[in-house]
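Step one of this worksheet: look at the structure below.
Residue numbers (my numbering), protein chains in the order written: chain Y, 1 to 625; chain F, 626 to 1250.
In structure tokens form, the structure reads like this:
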């Protein structure tokens, strides 16, 4: 590692030029991409990778390595070029950019070992960076987190959610860089090169700000140093840059966003860039890299939980069982962290806060940064549980989509699902959350109906690698399972069965009690039904469902406190389709309204009496055929 | 209308007290609600309704009436109390708060004529207010838009998206009030009573700010006046208030969020409040209201579009056909407005901007305010088309949920759907957008496959009252329809049929070309299939699908550029389930990656060769049974 500036700066300049050349070549080879968005950040990237960050290109996951998150993910080619330049892989790989066989995708994903979270949906990287910075505190490491944003990206509200949380948490181990290159995709950005617009905003949000010329290597190095020595505040480096910098026909020019050079343009560009190479530089890029220092720290603890402690028939809301189970989990496993968005007294995560306040992160009413920070935490070894009302998790739908793409190890819990919340009305009722999470191929989706299953499934969620969603309910429901009952991801429970069952009713969550009530009512009139608690919706127990269908004359009725599309009914229907079975669905089919929970279950067609009617008419209809 | 302050202020004080009493009584009667969140804003509400706003309680939709949007929707009881006090309905109705039979729901919805957009998911009302303010310009009315936010709510990123857009558009007809009552749901807010935190932020975002005591009626009136006389800037009144104001045991006290008074608490509270009534006030509340002045303006124009002008077999991307059709629509119909989030050169809405720049609203990279502003515009008579890449509409999922609740007349177009976008990779591929929009019962979901159907469906979308989603594709596809072809919402097109069809392939969007290609390949080997273009996914043509199922031995294959859950397959499966038919689904079943469009269609199982294989194996399997 060389630190003498007279030696380093020419080397960094040449590296920046090389990164521009590599970005141009790879995008032209791919036939698409954003070379000019790479050019504006080339000097920053060079300085960051080869004079500032401490990392090991051969061990990107090193727990003490500084992190770099490219929030403006469309500049992926220069990220890849920088890692190639650092020696992480051979430069020739760069020419496979955007090819089906290559992990060097159009926008970065964690398929690459040096990418923590998928970016490309703007305004998310900085939220993940908050999580990464929080994790450094958790593991008592001095690693720093760097995140580079675009100027256009700064219009995303999520950026300001992250700004608030980072300042409140005094994350001085977090350093943002905004690449203010003036030009958005379709026109100049809102604030163009008016650096004061950026400065005022970041200062108002509590950040240390440094306005620099983003093409002046010495200024960039100074800014990183100042950021490093600032205590009690995150720093945002506001770098004035030119889009397309370094090539005369693109520098500061309109209409070059997202356009790869044609072959002849490439030749011209490379020639121009090569002419900028400072001669006489002998130091090699990899030799400039600062290496991370390992910190000795206690190993993570991960004890198994004791069995739950409920009494059959007791009335317990699954949201409360969640809060209690989470408080146990957070004590048993040092990797567990808890994130809230100002509803901890309704989701009962305040109980986890009480026992592990240093692993509880309050985001106030800002769901996007809550989920984004969870993504960043998970990328660094934490197991984050982020929770709020299920309907407000929907605010972070696009983060959930990106977490699915990155297969981040986040655990989301949505409470107050469905019309069963009652009087608060439709704005507080999640009726599309299962549709959201089931849509994502990498998500596990769980929906416990009682206290015991909630506690057991929560423990399974913590162990399961990858994103998990747990749906929870507001009203109290009956404890159905004994404390030694076991559950599996992808399982179901047959709660009632007899050889005479005329139909299977498949319920989940609050509708399980309704199905059991329907079972009782029907039994009184001499009709037996099978009742299934489908607590795992993704994956779903196809064989178990098919077996029930075969045993009950193919009559399947699903009942769910969710809209008709995307939930329990669709999950069952797809699982049994190849068996030739169809499903009769009871679900919420109109915009609901305020009322008492029991009234609403009935009004919107998912109460026990509707189940009874559905069974009766299904049996009658088939008999009448 | 009395304007003498010595007369007005005591009257407004008493009205504020009455609003507190009404909020307390109604929530106690309901057994739930947020009385203390109402108390903090009672003085502001009184001054706003009875000394500032120009409106007619009997004609809330008056196009020149000032608007009030309660962004902190949980304070609904005081909104209802104010309208009752104004004479919109009888005060006795207030005691039906949150009952199933009443439109006075837990949080406001447009079921009430004086509510423009549903609120209750925080941070959305101010986005809608931006749209309302933009509409005043469109119709050349001097009506003003007022929006009241909570302080906790200000942590939502969407608030700052709205702040940017409102300042950039110099919306001086927009006045925000932040009720800084210090206490959130679960704990004090991030900034508590540090008014400078709010002031710095709003000023940095370009707003005129006024910090006042939110319980000082004279100060409130002054602030409204200053806001009204400020030119070129929206104003944010930052009102320092006490949560629970007016009742000694709640004022500024913790742990009162979202709690109705018990009967005995109510009696105590009402007694205290009644003792604050100023005696000798004779002026009646309704007499204080300022009435709106009608403006004469040209009637809206809404001409029918001429027929499309495509040539069979030409290659046209539906996103481009959308841009062209929108440019025609915006000229034909003065109600049409267009909203963008810095992708207008990819969605081709720049063509609409060119012909109607004054009805084109650029939101830069901020999808939440784009959709929220569309909601506000639609509530005031505009027909807004908001568009971006379909995957980025997902950023506004919670706004879309609330628009569905309010059944707002918004039109959303999502371009670049599916893996067929190719090289940009998964972060840019919408594969859950159909799941999102199909989940909402009030949404119409359309998915054209060619230029002609795009243009026709766009015109239908504009005419259809209520929220509509149109899914569009990046790659060029064949023009399939003649220019005189007609389409209906809820329809489908049978593109290929013969008496010998062994199966029906149901495609939509980009997969229609694939299905037609499969038809050709199969025909060459002597197998006939029916091919359906399912351009309307919600509602769906159940009869048409059942007819096809019956005609093709119950063999149905869906093929879609969308994840397996929530899309075309699920839509068809539910439609035909009661007929006893099941569906074989071809869909994207894993997280995709970068590659060429054609490669990806094949890699992820939705190309013509996969359709051929599915037909062959389905026919073989059934034959072998």
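All C-beta atoms in this analysis are idealised placements derived from N, C-alpha and C, irrespective of residue type, glycine included.
Check: Under 9 Å Cβ-Cβ, which residues of chain Y neighbour residue 893(F)?; Outcome: Result: empty, since nearest Cβ-Cβ is about 24 Å, beyond 9 Å.
Check: Report the CB separation of residue 28(Y) from residue 271(Y) in whole angstroms; it is logged as a contact under 8 Å.; Outcome: About 14 Å; that fails the 8 Å criterion.
Check: Considering only their Cβ atoms, is the gap separating residue 744(F) from residue 811(F) smaller than 8 Å?; Outcome: no
Check: Any beta carbon from chain Y within less than 8 Å of residue 1026(F)'s own beta carbon?; Outcome: yes
Check: Step through the CB atoms of chain Y and report whether any lies within less than 8 Å of the CB of residue 1019(F).; Outcome: yes
Check: Mind checking residue 1074(F): buried by the 16 CB within 10 Å criterion, or exposed?; Outcome: buried
Check: Secondary structure at residue 492(Y), three-state DSSP: helix, strand or coil?; Outcome: coil
Check: Would you call the region 390 to 397 of chain Y and the region 442 to 462 of chain Y in contact, with 3 or more CB pairs under 8 Å?; Outcome: no
Check: According to the neighbour-count rule (16 or more other Cβ atoms, all chains shown, within 10 Å of its Cβ), is residue 686(F) buried or exposed?; Outcome: exposed
Check: Is the beta carbon of residue 425(Y) sitting closer than 8 Å to the one on residue 730(F)?; Outcome: yes
Check: Taking residue 100(Y) as the query, report the chain F residues whose CB atoms sit under 8 Å from its CB, ordered along the chain.; Outcome: 1218, 1219, 1220, 1221, 1224, 1225 and 1228
Check: Below 9 Å on C-beta distance, what does residue 1215(F) contact in chain Y?; Outcome: 441 and 442
Check: List the residues of chain Y that residue 969(F) touches, going by C-beta distances under 9 Å, in chain order.; Outcome: 185, 186 and 187
Check: Taking the beta strand (DSSP E) that residue 240(Y) falls in, what are its first and last residues?; Outcome: 235 to 240
Check: Drop a sphere of 10 angstroms on the beta-carbon of residue 1121(F), count the other beta-carbons inside from all chains shown, and report buried for 16 or more, exposed for fewer.; Outcome: buried
Check: Just the Cα atoms here: how many angstroms apart are residue 174(Y) and residue 367(Y)?; Outcome: 20 Å
Check: Grab me the residues of residue 132(Y)'s own chain with a C-beta within less than 6 Å of its C-beta, minus the 5 sequence neighbours each way, in chain order.; Outcome: 67, 145, 376 and 380
Check: Near residue 236(Y), what residues of its chain come up, given a Cβ to Cβ distance below 6 Å and the 5 sequence neighbours on each side ignored?; Outcome: 176, 202, 207 and 209
Check: State the DSSP-derived secondary structure class of residue 1176(F), mapped to helix, strand or coil.; Outcome: helix
Check: Applying a beta-carbon distance threshold of less than 9 Å, which residues of chain F neighbour residue 192(Y)?; Outcome: None at all; the shortest Cβ gap to chain F is about 11 Å.
Check: Quick check: what's the CA-CA separation for residue 7(Y) versus residue 281(Y)?; Outcome: 8 Å
Check: In chain Y, which residues lie less than 9 Å from residue 1235(F) when you measure between Cβ atoms?; Outcome: Simply none; closest approach about 16 Å.
Check: Using a cut-off of 8 Å between C-beta atoms, extract the partners of residue 468(Y) located in chain F.; Outcome: The contacting residues do not exist; residue 468(Y) stays about 16 Å from chain F at best.
Check: What residues match up with residue 1014(F) in a beta bridge as DSSP calls it?; Outcome: 1040(F)
Check: Considering only their Cβ atoms, is the gap separating residue 301(Y) from residue 140(Y) smaller than 8 Å?; Outcome: no
Check: Under the DSSP definition of a beta bridge, which residues are partnered with residue 315(Y)?; Outcome: 478(Y)
Check: Taking the alpha-carbon of residue 1041(F) as reference, which of 642(F), 1016(F), 650(F) and 956(F) has the nearest alpha-carbon?; Outcome: 1016(F)
Check: Closer than 7 Å by beta-carbon distance: list the chain F residues that pair up with residue 368(Y), in chain order.; Outcome: 782
Check: Give the list of continuous beta strand (DSSP E) stretches no shorter than 3 residues that lie fully inside the region 143 to 175 of chain Y.; Outcome: 145 to 150
Check: Assuming residue 117(Y) and residue 408(Y) form a contact by the criterion Cβ under 8 Å, report the distance between their Cβ atoms to the nearest whole angstrom.; Outcome: 6 Å
Check: Assign residue 358(Y) to buried or exposed, taking buried as 16 or more other Cβ atoms, counted over all protein chains shown, within 10 Å of its Cβ.; Outcome: exposed
Check: Could you spell out the range, first to last residue, of the alpha helix (DSSP H) harbouring residue 634(F)?; Outcome: 630 to 655
Check: Can you tell me where the beta strand (DSSP E) with residue 536(Y) in it begins and where it stops?; Outcome: 536 to 538
Check: Would you mind sorting residue 980(F) into buried or exposed? The rule is 16 or more other CB atoms within 10 Å of its CB.; Outcome: exposed
Check: Comparing alpha-carbon positions, which option in 511(Y), 107(Y) and 594(Y) lies nearest residue 122(Y)?; Outcome: 107(Y)
Check: State buried or exposed for residue 499(Y), treating a residue as buried only when at least 16 other CB atoms are found within 10 Å of its CB.; Outcome: exposed
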